[in-house]
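To start, the structure under review is shown below, and the notes come after it.
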Amino acid sequence: MTQEPVVSVNNLNHYYGKGSLKRQILVDINLVINPGEIVIMTGPSGSGKTTLLSLIGGLRSVQQGSLKFLGIELFGAGQAELVQIRRNIGFIFQAHNLLGFLSARQNVQMAVELQDTISPADAISKSKNMLEVVGLGKSIDCYPDNLSGGQKQRIAIARALVNHPSLVLADEPTAALDKQSGRDVVELMQKLAKEQRTSILLVTHDNRILDIADHIVEMEDGCLVHDSQREIINHASEVRNNHSYSL
Ligand code: ADP
Ligand code: MG
Numbered sequence: 001m002t003q004e005p006v007v008s009v010n011n012l013n014h015y016y017g018k019g020s021l022k023r024q025i026l027v028d029i030n031l032v033i034n035p036g037e038i039v040i041m042t043g044p045s046g047s048g049k050t051t052l053l054s055l056i057g058g059l060r061s062v063q064q065g066s067l068k069f070l071g072i073e074l075f076g077a078g079q080a081e082l083v084q085i086r087r088n089i090g091f092i093f094q095a096h097n098l099l100g101f102l103s104a105r106q107n108v109q110m111a112v113e114l115q116d117t118i119s120p121a122d123a124i125s126k127s128k129n130m131l132e133v134v135g136l137g138k139s140i141d142c143y144p145d146n147l148s149g150g151q152k153q154r155i156a157i158a159r160a161l162v163n164h165p166s167l168v169l170a171d172e173p174t175a176a177l178d179k180q181s182g183r184d185v186v187e188l189m190q191k192l193a194k195e196q197r198t199s200i201l202l203v204t205h206d207n208r209i210l211d212i213a214d215h216i217v218e219m220e221d222g223c224l225v226h227d228s229q230r231e232i233i234n235h236a237s238e239v240r241n242n243h244s245y246s247l
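Sequential numbering of the sequence shown, starting at 1, is according to full-length UniProt numbering.
Right, here's the structure in full:
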């Protein structure tokens with residue numbers, strides 16, 4: 001039995017700016033992410049990686065082409081649908097984006113409480129359990145400022161995974177960490193993703209972590225120029241040229 005992809009992107013284009021300032025940022029993107037798969041996306045700064053992540057995460061509206069999340073079309077989706085989609089996604093960013101005035105447990109608990117009704121006692125125990133899973137059982141009541149970069153990113157992982165989302169989007173999650181902490185963080189994400197059967201789309205510049213990927217894709221100048229599962233190798237200039245002919 002073939003399972004429905006978590007994400008299916010078809011001929012997706014995206015533009016920033018208006019009138020003469022309008023620029024095409026994403027060109028004819030095609031990408032499939034299957035359940036439980038760890039996808040690593042590489043590519044130079046400015047190549048469109050964050051833009052693509054924000055579209056997949058329902059943080060921006062799809063302008064052109066098709067983007068399906070668990071079979072639901074995001075092109076033309078309303079805000080309420082996008083909120084539903086976002087509930088099924090965990091986000092991890094380069095800066096951990098933790099709230100400094102909340103403890104580790106409270107930061108995770110906030111994500112739990114955004115979900116459907118759960119009693120305060122259950123929300124607390126769920127948050128504590130998740131922090132134990134990421135190895136922060138002793139730091140449950142600590143505040144982010146008193147923790148290391150790696151520990152903060154582990155709180156962010158706990159927060160992203162506590163609701164067992166279908167997909168985690170991680171935008172350069174190890175960029176602010178030293179080599180060993182970065183490695184520990186991605187290995188933890190890999191372990192949890194396999195246990196929970198969560199898919200991960202992880203953007204990184206760090207070639208040393210490519211080995212954790214099931215699937216590697218590379219962006220260049222708004223185009224997906226390499227996909228290890230489809231064995232496509234394109235040059236961004238060709239993709240852009242072909243695309244302009246088809247308009
Ligand atoms: P990456 O994550 O690969 O560095 P981005 O998706 O952030 O790439 O950016 C792709 C391109 O789009 C860059 O040229 C960037 O300057 C531009 N860009 C990003 N966000 C915006 C925005 N909100 N408005 C206009 N241009 C943007
Ligand atoms: Mg980026």
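All residues carry an ideal CB built from backbone N, CA and C; glycine is no exception.
What would DSSP say about residue i, mapped onto helix, strand or coil?
| i | result |
| --- | --- |
| Gly-65 | strand |
| Asn-30 | strand |
| His-14 | strand |
| Glu-238 | helix |
| His-215 | strand |
| Val-9 | strand |
| Ser-72 | With the sequence shown as reference, residue 72 is identified as Ile, and Ser is not the correct amino acid for it. It is a strand residue. |
| Glu-81 | helix |
| Glu-220 | strand |
| Ser-125 | helix |
| Arg-154 | helix |
| Leu-52 | helix |
| Pro-144 | helix |
| Leu-131 | helix |
| Lys-178 | For the sequence presented, residue 178 should be read as Asp rather than Lys. In this structure, Asp-178 counts as coil in the three-state DSSP scheme. |
| Asn-107 | helix |
| Glu-113 | helix |
| Pro-120 | helix |
| Glu-187 | helix |
| Leu-136 | coil |
| Gly-149 | helix |
Taking a contact to mean a Cβ-Cβ separation below 9 Å, would you say residue i touches residue j in this structure?
| i | j | result |
| --- | --- | --- |
| Gly-71 | Glu-4 | yes |
| Arg-197 | Pro-35 | yes |
| His-243 | Ile-233 | no |
| residue 251 | Ser-228 | Past the edges of the chain, shown from 1 to 247, lies residue 251, and the structure says nothing about it. |
| Ile-155 | Leu-147 | yes |
| Met-110 | Glu-218 | no |
| Asn-88 | Phe-69 | yes |
| Tyr-15 | Gln-64 | yes |
| Ser-66 | Leu-136 | no |
| Val-203 | Glu-172 | yes |
So is residue i buried or exposed if we call it buried at 16+ other beta carbons inside 10 Å?
| i | result |
| --- | --- |
| Leu-26 | buried |
| residue 252 | No answer is possible for residue 252: it lies beyond the span of the chain, which begins at 1 and ends at 247. |
| Ser-166 | buried |
| Ile-93 | Here residue 93 is Phe; the residue named in the question, Ile, does not match the sequence. Looking at its Cβ environment, which holds 16 or more other Cβ atoms inside 10 Å, Phe-93 is buried. |
| Lys-179 | exposed |
| Phe-101 | exposed |
| His-215 | buried |
| Gln-79 | exposed |
| Asn-241 | exposed |
| Thr-117 | exposed |
| Arg-105 | buried |
| Asp-28 | buried |
| Ala-95 | exposed |
| Gly-150 | buried |
Determine which residues share a DSSP beta bridge with residue i and list them.
| i | result |
| --- | --- |
| Val-203 | Met-41, Asp-171 |
| Ile-232 | Asp-227 |
| Gly-90 | Val-168 |
| Arg-23 | Tyr-16 |
Between residue i and residue j, how many whole angstroms is the CB-CB distance? I'm expecting something under 8 Å.
| i | j | result |
| --- | --- | --- |
| Phe-91 | Leu-21 | Wrong, their Cβ atoms sit about 29 Å apart, outside the cutoff. |
| Ile-212 | Val-185 | In fact, because the Cβ distance is near 11 Å, the residues do not count as touching under 8 Å. |
| Ala-193 | Ile-38 | 6 Å |
| Asn-30 | Val-9 | 6 Å |
| Ser-127 | Val-108 | 4 Å |
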